[in-house]
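A.B. asks: I'd like to ask some things about the structure below.
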Amino acid sequence: MESKQPIEKQWIEQVILTPWEMALGATVGVQRFYYALRKRLPQRDGRPQEELTRKIRGVERFSDDIRGALGELVVAKYFNTYWSGTVGETNRPDLVVNAHEIEVRTGKNPGMGLWVKDRDPDARICVLVTGDGPLFEIRGGILAVDGKTWERAGRTDPFTGKENHLVDQSALIPIVRWRAYVYGLAELPIYRGTP
Numbered sequence: 000m001e002s003k004q005p006i007e008k009q010w011i012e013q014v015i016l017t018p019w020e021m022a023l024g025a026t027v028g029v030q031r032f033y034y035a036l037r038k039r040l041p042q043r044d045g046r047p048q049e050e051l052t053r054k055i056r057g058v059e060r061f062s063d064d065i066r067g068a069l070g071e072l073v074v075a076k077y078f079n080t081y082w083s084g085t086v087g088e089t090n091r092p093d094l095v096v097n098a099h100e101i102e103v104r105t106g107k108n109p110g111m112g113l114w115v116k117d118r119d120p121d122a123r124i125c126v127l128v129t130g131d132g133p134l135f136e137i138r139g140g141i142l143a144v145d146g147k148t149w150e151r152a153g154r155t156d157p158f159t160g161k162e163n164h165l166v167d168q169s170a171l172i173p174i175v176r177w178r179a180y181v182y183g184l185a186e187l188p189i190y191r192g193t194p
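Take the sequence shown: its letter number 42 is residue 41 in numbering that gives the first Met the number 0, and every next letter is one higher.
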């Protein structure tokens with residue numbers, strides 16, 4: 000879904016992955032795809048199993064898993080931190096930086112909004128990444144508790160049965176502010192937006 004008002008360009012951080020990093024992220028994405036297929040898991044964003052199997056004939060689901068892994072690697076590179084590239088069912092965050100949990104949501108549409116799920120722990124930072132590689136853009140982030148104040152829209156979470164919250168890009172706090180907070184250089188960024 001298109002964001003009503005994309006975040007201002009000066010707050011977007013661009014990250015370029017090397018060919019080796021692209022290969023690493025793609026490998027993890029492929030493993031996640033086959034793991035989900037083998038376990039008959041729904042797409043984590045709420046798309047049903049039937050859509051998963053239908054998309055196999057195309058490349059959308061396959062590329063979604065690869066793009067998601069690449070997005071996590073992009074944020075890890077930005078924060079200069081380790082990325083585990085976990086495959087399998089996990090309730091762990093995508094990244095942990097200085098004891099702060101980060102959840103990464105990635106898509107190719109630069110105007111997309113950020114999906115926040117009810118099952119995201121309130122203190123977790125949800126970050127939006129867009130792009131198709133090797134160039135990605137980190138559009139910003141929001142605490143899950145603040146993202147949950149936005150209206151529910153569209154995709155139902157297969158694990159909770161509730162629709163996810165779609166946060167407009169204009170409400171996201173620039174990633175540079177999150178980096179300063181995570182590394183103890185600034186106070187918690189204050190969310191001032193209203194849904």
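For each residue, glycine too, the CB sits at the ideal point set by N, CA and C. Treat the numbers as computed from the prediction; the structure is a model and nothing was measured.
(1) Starting from Ile-172, follow the beta strand (DSSP E) in both directions and report where the run begins and ends.
(2) In whole angstroms, what separates the C-alpha of Arg-91 from that of Glu-71?
(3) Excluding the 5 residues preceding and the 5 following Thr-17 in the sequence, name in chain order all residues of the same chain whose CB lies nearer than 8 Å to its CB.
(4) For Thr-89 and Gly-106, which I take to be in contact (beta-carbon distance under 8 Å), what is that distance rounded to the nearest angstrom?
(5) So does the stretch 140-153 actually touch the stretch 115-131, counting three or more Cβ pairs closer than 8 Å?
(6) Threshold first: 4 residues or longer. Then list the alpha helix (DSSP H) segments lying entirely within the stretch 57-92, N to C.
(7) Comparing alpha-carbon positions, which option in Gly-87, Ile-15 and Met-111 lies nearest Val-74?
(8) So, helix, strand or coil for Asp-119, using DSSP?
(9) Between the C-alpha atoms of Thr-26 and Ile-65, what's the straight-line distance to the nearest angstrom?
(10) Can you name the residues that DSSP bridges to Gly-24?
C.D. replies: Quick answer:
(1) For the purposes of this step, residue 172 is taken as residue 173 along the sequence shown, with counting starting at 1. Going by DSSP, Ile-172 is part of no beta strand (DSSP E) at all; its letter is neither H nor E.
(2) Reading the sequence shown from its first residue, position 92 is the one you call residue 91. Reading the sequence shown from its first residue, position 72 is the one you call residue 71. Answer to the nearest angstrom: the Cα atoms are 13 Å apart.
(3) In the sequence shown, the residue the question calls residue 17 occupies position 18. Answer for Thr-17: Pro-133, listed in chain order.
(4) If you number the sequence shown from 1, residue 89 lands on position 90. If you number the sequence shown from 1, residue 106 lands on position 107. Separation of the CB atoms of Thr-89 and Gly-106 is rounded to 21 Å, and the pair is thereby denied contact status at 8 Å.
(5) Touching, yes.
(6) Taking 4 residues as the shortest admissible run, the stretch 57-92 contains the following complete alpha helix (DSSP H) segments, listed from N- to C-terminal end: 59-78.
(7) Here residue 74 refers to the residue found at position 75 of the sequence shown. Taking only the C-alpha atoms, the option nearest Val-74 is Ile-15.
(8) Sequence index remark: in the sequence shown, residue 119 carries index 120 (1-based). In this structure, Asp-119 counts as coil in the three-state DSSP scheme.
(9) In the sequence shown, counting from the first residue as 1, residue 26 sits at position 27. In the sequence shown, counting from the first residue as 1, residue 65 sits at position 66. In this structure, the alpha-carbon of Thr-26 lies about 8 Å from that of Ile-65.
(10) Indexing the sequence shown from 1 puts residue 24 at position 25. Bridge partners of Gly-24: none, in fact.
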